[in-house]
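K.L.:
Just dropping this structure here.
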Amino acid sequence: MLNYNKSMIWNMTRNCNFQCSYCYFPHKNEKITNPITFESLLNFLNKNDDVWLVGMTGGEPFIYPNFVSLCEQLTKKHFIGVDTNLSLSKEIKAFAEKISPSRVNDIYASLHIEEREKRNAVQNFIDNYHTLADAGFTIKVNYVLHPTMEARYPKDVAFFKDNGIPITPRPFKGIYNNLKYPQNYSSEIKNIFADHPTAGTKMVFNFRGVDCKSGQTFIRMEPDGTIFRCPGDRTVLGNIHENVNLYACATPCNVNRCPCQGINYVKLNPAEGWFIEGMRLFLTGAEKNAANAFRQTLLYDSEHSSALNNIGVFAYENKNYAHAKRLFEQAHNFHPQVPLFKQNLEIVKNTLEGDKQLSIHPEISEIVRPSVVNYEYSVTPEQSTE
Ligand code: SF4
Ligand code: SF4
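Numbering-wise, full-length UniProt numbering puts 318 at position 318 of the sequence shown, and it's gapless, one number per residue.
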């Protein structure tokens with residue numbers, strides 16, 4: 001257990017030596033010309049007695065100038081984590097030699113298998129993995145189960161297992177073929193996630209209105225030193241080169257999408273705790289248990305329209321259309337400002353009227369506190385690789 005009291009996600013650079021087609025941001029394969037100085041970073045982190053976990057991400061952190069020296073400086077007092085494509089052998093070897101695994105939280109290595117095959121760099125990945133693993137680091141190899149990768153996933157898992165590398169499937173969060181993921185994975189894919197229970201919490205929740213400690217104990221830093229409240233809420237709290245004012249306490253989330261680790265920082269009431277558990281179970285293929293968790297939500301908050309809606313979606317899938325209609329009606333009546341509930345109600349009405357042309361299905365709601373959603377809520381079709 002690493003002993004830190006604050007954490008930061010540092011988006012070090014937009015540059016990357018890979019060019020994955022599905023990357024959420026167009027990364028340039030260029031040198032980084034204006035890195036943050038060690039001095040200004042350490043001045044900020046060492047100001048108080050705080051011990052930080054600095055999660056370094058990008059782009060590709062290992063292309064950062066003097067990256068290994070930077071890690072050496074940081075790990076004297078703080079802890080680090082790294083998100084990497086694990087491609088730069090020379091730098092990875094130096095990292096393995098100079099940095100103590102006891103100061104490093106997990107190293108997350110994304111597989112990006114198609115990009116790697118294109119570059120003939122699969123063996124390079126395997127070698128770099130073992131360089132770090134042999135030195136005592138914990139490496140989590142993530143495989144984003146984009147819908148286009150579903151077919152080849154089992155073969156890839158078997159191949160890397162034969163090479164001593166366990167794979168962790170990560171849900172794709174975004175829109176593909178007009179369907180929202182991870183909600184719309186097939187039951188086969190959900191069964192894959194069943195062996196990885198935390199995968200079920202890796203979805204984009206809407207925590208609007210829920211108190212969250214981001215901005216207080218969790219922040220995001222941009223390449224130029226600007227501090228945002230978190231990856232999802234870009235409220236500027238300052239810049240490490242000038243002044244940074246962190247929040248004194250947890251404050252309500254103000255955005256519709258939490259693409260980050262908000263689940264670790266929000267203060268949920270019992271109804272919301274059960275709701276999150278229901279979503280986790282749903283995404284790992286345990287639909288009956290998910291329905292029970294949503295019913296528990298309703299025991300604590302009978303007007304939790306997202307729980308009503310989601311039980312309605314299960315009823316619809318089980319062809320219990322009349323029951324689904326009642327549930328969507330209740331959800332819509334409690335919170336008519338949420339278009340999703342109205343949309344689901346229209347779908348089930350059309351189904352009951354025998355409209356065979358209908359190809360859309362009711363959607364699960366990920367709104368954790370629907371009572372505060374007092375605006376036209378809609379999901380932005382953004383893509384994410386994580
Ligand atoms: S997905 Fe990762 S490895 Fe691929 S281009 Fe984007 S940052 Fe680089
Ligand atoms: S819930 Fe997520 S998006 Fe909202 S403030 Fe917390 S970390 Fe940020």
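Glycine included, every Cβ here is placed at the ideal spot set by N, Cα and C.
These figures come from a predicted structure and were not determined experimentally.
Along the beta strand (DSSP E) that carries Val-144, what are the first and last residues, could you check?
P.N.:
Where Val-144 is concerned, the enclosing beta strand (DSSP E) stretches over 139-145.
K.L.:
Using a Cβ cut-off of 8 Å (strictly closer), state whether Met-221 contacts chain C.
P.N.:
Absence of chain C from the displayed structure is noted, only one protein chain being present.
K.L.:
Return the first residue and the last residue of the alpha helix (DSSP H) that Phe-193 is part of.
P.N.:
Note, Phe-193: alpha helix (DSSP H), 187-194.
K.L.:
Give the C-beta separation of Phe-275 and Ser-306 to the nearest angstrom, bearing in mind that I take them to be a contact with Cβ-Cβ under 8 Å.
P.N.:
Right, the Cβ-Cβ distance comes to about 6 Å (below 8 Å), so this counts as a contact.
K.L.:
Going by C-alpha to C-alpha distance, which of Asp-211, His-196, Asp-50 and Gln-261 sits closest to Asn-142?
P.N.:
Comparing Cα positions, the closest option is His-196.
K.L.:
Apart from the five residues on each side of it in sequence, which residues of its chain come closer than 7 Å, Cβ to Cβ, to Leu-268?
P.N.:
So the list reads Val-210 and Ile-276, once near-sequence residues are dropped.
K.L.:
Following the continuous alpha helix (DSSP H) through Met-279, name the residue where it begins and the one where it ends.
P.N.:
Unbroken alpha helix (DSSP H) run through Met-279: 270-283.
K.L.:
Ligand 1 and Glu-115: does any heavy atom of the ligand fall closer than 7 Å to the residue's C-beta?
P.N.:
Flag set: Cβ of Glu-115 near ligand 1.
K.L.:
Any idea what DSSP makes of Val-68, helix, strand or coil?
P.N.:
Reduced to three states, the DSSP call for Val-68 is helix.
K.L.:
Following a CB-centred definition, is Gly-232 positioned closer than 7 Å to any heavy atom of ligand 2?
P.N.:
It does: the Cβ of Gly-232 is within 7 Å (strictly closer) of some heavy atom of ligand 2.
K.L.:
Looking at ligand 2, does it come within less than 7 Å of Cys-71, judged from the CB to the closest heavy atom?
P.N.:
No.
K.L.:
Report yes if the C-beta of Ser-110 is less than 7 Å from at least one heavy atom of ligand 1; otherwise report no.
P.N.:
Yes, since a heavy atom of ligand 1 falls inside the 7 Å radius drawn around the Cβ of Ser-110.
K.L.:
What residues match up with Lys-6 in a beta bridge as DSSP calls it?
P.N.:
Note: Lys-6 sits in a beta bridge opposite Trp-52.
K.L.:
Using beta-carbon positions only, say whether Thr-131 and Ile-167 come within less than 8 Å of one another.
P.N.:
No.
K.L.:
Look up Tyr-108 in the DSSP assignment and give the residues it is bridged to.
P.N.:
Bridge partners of Tyr-108: Asp-83 and Lys-140.
K.L.:
Ligand 1 heavy atoms versus the CB of His-27: any closer than 7 Å?
P.N.:
Checking every heavy atom of ligand 1 against the Cβ of His-27, one is found closer than 7 Å.
K.L.:
Can you say whether Phe-193 is buried or exposed, counting buried as having 16 or more other CB atoms within 10 angstroms of its CB?
P.N.:
Phe-193 is buried by the Cβ-count criterion.
K.L.:
Is the closest heavy atom of ligand 2 to the C-beta of Arg-369 under 7 Å?
P.N.:
No - ligand 2 has no heavy atom lying nearer than 7 Å to the Cβ of Arg-369.
K.L.:
Could you check if Phe-160 is buried or exposed, using at least 16 other CB atoms within 10 Å of its CB as the buried criterion?
P.N.:
It counts as buried.
K.L.:
Ordered along the chain, which non-local residues of its own chain (more than five positions away) have a Cβ less than 7 Å from that of Met-203?
P.N.:
Around Met-203: Pro-171, Lys-173, Pro-182, Met-279, Leu-283 and Glu-366.
K.L.:
Around the Cβ of Lys-190, are there at least 16 other Cβ atoms within 10 angstroms (buried) or fewer (exposed)?
P.N.:
Classification of Lys-190: buried, given that the 10 Å Cβ count is 16 or more.
K.L.:
By the DSSP assignment, the beta strand (DSSP E) with Ile-92 in it spans what residues?
P.N.:
Careful: Ile-92 lies outside any beta strand (DSSP E), inside the alpha helix (DSSP H) at 89-98.
K.L.:
Just to confirm before moving on: does the CB-CB distance between Phe-207 and Gly-273 stay below 8 Å?
P.N.:
Cβ atoms of Phe-207 and Gly-273: not closer than 8 Å.
K.L.:
Need the endpoints of the alpha helix (DSSP H) that Ile-219 sits in, please.
P.N.:
Segment 218-221 is the beta strand (DSSP E) holding Ile-219; no alpha helix (DSSP H) there.
K.L.:
With DSSP run on the structure shown, which of helix, strand or coil describes residue 389?
P.N.:
No answer is possible for residue 389: the residues shown for the chain start at 1 and end at 386.
K.L.:
Quick check: does the Cβ of Gly-262 come within less than 7 Å of any heavy atom belonging to ligand 2?
P.N.:
Because some heavy atom of ligand 2 lies under 7 Å away, the Cβ of Gly-262 counts as near it: yes.
K.L.:
By the three-class DSSP mapping on this structure, what secondary structure does Leu-41 have?
P.N.:
The answer is helix: DSSP assigns Leu-41 an H, G or I state.
K.L.:
Helix or strand or just coil, what does DSSP make of Asp-233?
P.N.:
Reduced to three states, the DSSP call for Asp-233 is coil.
K.L.:
State yes or no: is the C-beta of Arg-229 within less than 8 Å of the C-beta of Ile-219?
P.N.:
Cβ distance < 8 Å, so Arg-229 and Ile-219 count as in contact.
K.L.:
Quick one: which unbroken alpha helix (DSSP H) runs of 4-plus residues sit fully inside the stretch 290-378? Chain order, please.
P.N.:
Listed in chain order, they are 305-317, 321-334 and 339-352.
K.L.:
Using 10 angstroms around the beta-carbon of Thr-297, count the other beta-carbons present and answer buried if the total reaches 16, otherwise exposed.
P.N.:
Thr-297 comes out buried.
K.L.:
Roughly how many whole angstroms lie between the Cα atoms of Val-82 and Ile-107?
P.N.:
So the two alpha carbons sit approximately 5 Å from each other.
K.L.:
State yes or no: is the C-beta of Ala-286 within less than 8 Å of the C-beta of Ile-311?
P.N.:
Cβ distance not < 8 Å, so Ala-286 and Ile-311 don't count as in contact.
K.L.:
So for Ser-102, helix, strand or coil by DSSP?
P.N.:
The answer is helix: DSSP assigns Ser-102 an H, G or I state.
K.L.:
In this structure, how does DSSP classify Lys-288 when only helix, strand and coil are distinguished?
P.N.:
Lys-288 falls in the helix class under three-state DSSP.
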